[in-house]
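J.: Below is one structure. I have some questions about it.
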Amino acid sequence: MHARGSERGAALVEMAFALPLLVILILGMVSGGIAYNHQLALTHSAREAGRYAATLPVTNFASMNGWLDEIAARAEEDATGSLDPGAPGRVVCVAYVHPNGALATDSTSNRIDNLGTVSYAAAPCFADGRPDSERRVQVRVARETVFNLAFYSTTLTLDSEAVNRFEAGLGL
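Residue numbers (our numbering): 1139 to 1310.
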């Protein structure tokens, strides 16, 4: 009987040592899962918007900017909340890359939405290594997320890029 009494409180001490480690592990798993979910949403968004853009004729719009706006809206919609206007570090870039031609739509144009500030330029979103003569669509989406691990916290920048050969209106 006496031996058993000397172990009183041992479980409490063991729990006091194990509980902080368990909480750190669970917090890290939850934070990592949230970041992974955002990354999956960005990848899906870039892919879907790129595919949509590749099959959407530019001639359906009054201007190239209208076409770019439509693709950017599709990317934001397909991100399942990860690219909402309040998302930290939010960037949406859509580009129609085309060698210069005779029509106004036959030139490279992009639309960048950087934290709600929209600008248009005559440049691709990123270097993709494809030939300059190939007509294509580029979509780049990014956002920041915070990764927490108990007493350690860092901000991660998540991004995804997609490049699709432009297939709509091959007579353009």
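All C-beta atoms in this analysis are idealised placements derived from N, C-alpha and C, irrespective of residue type, glycine included. Everything numeric in this text was worked out from a predicted model, so none of it was measured.
Residues in the same chain with beta-carbon distance under 7 Å from residue 1255, minus the five sequence neighbours each way, listed in chain order, please.
T.: none
J.: Indicate the three-state DSSP secondary structure (helix, strand or coil) for residue 1181 in the structure shown.
T.: helix
J.: Take every Cβ of the segment 1261–1275, pair it with every Cβ of the segment 1287–1301, and state whether three or more of those distances are shorter than 8 Å.
T.: Counting Cβ pairs under 8 Å, three or more are found: they touch.
J.: Of the residues 1271, 1150, 1273, 1221, which one's Cα is nearest the Cα of residue 1253?
T.: 1221
J.: In whole angstroms, what is the alpha-carbon distance linking residue 1156 and residue 1218?
T.: 37 Å
J.: Quick one: give me the first and last residue of the alpha helix (DSSP H) that residue 1203 is part of.
T.: 1202–1216
J.: What do you reckon, are the CB atoms on residue 1184 and residue 1213 nearer than 8 Å?
T.: yes
J.: Return the residue from the list 1283, 1149, 1153, 1209 that minimises the CA-CA distance to residue 1227.
T.: 1283
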